[in-house]
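With the working numbering, you'll find the sequence shown wraps up at 108, consecutive numbering, no jumps. These notes concern the structure reproduced below.
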Amino acid sequence: MSEEIAESDIEELEDRILLIADGETHWLIEGEKYLSAMLAADDYYPTPVICYLYESRFDLMRDLDEDVILNSLWAIHPGIIGRLKREEHIIIERR
């Protein structure tokens, strides 16, 4: 890549929460340092939370890096996802 990315752009990319979901379960992929704040909703966490929603677990697994073990990721309780939706703090993108 010939263009340089500004330091503020890099920080902006790092300061996000990224979830993946298969329609039943949501897992945290990025933003572990904000996990407690997002769960408790009592401290700053970057919004909107981005969630990539896959049609099936099979589709999700095909898109994951080989070194990512799904069972090692934090699963997010459905009640937290519901709160994020009610507060309009989540963007869900179908994959």
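Ideal Cβ placement from N, Cα and C applies to all residues, glycine included. Being a predicted model, the structure only gives us computed values, none of them experimental.
Spatial neighbours of Asp56 in its own chain (CB-CB distance under 7 angstroms, excluding positions within 5 residues in sequence) are listed in chain order as Ala50.
Contact check for Arg108 and Leu66: beta-carbon distance about 7 angstroms, within the 8 angstroms limit, so the pair qualifies. Here DSSP, grouped into helix, strand and coil, assigns Tyr57 to coil.
Looking at the backbone, the Cα of Ser85 and that of Pro61 are separated by about 24 angstroms.
Counting the other Cβ atoms within 10 Å of the Cβ of His39 gives 16 or more, which makes it buried. In this structure, Glu106 lies near Ile63, with their beta-carbon atoms less than 8 angstroms apart. Nearest neighbour of Glu45 by Cα position, chosen from Gly36, Ala34, Pro59, turns out to be Pro59.
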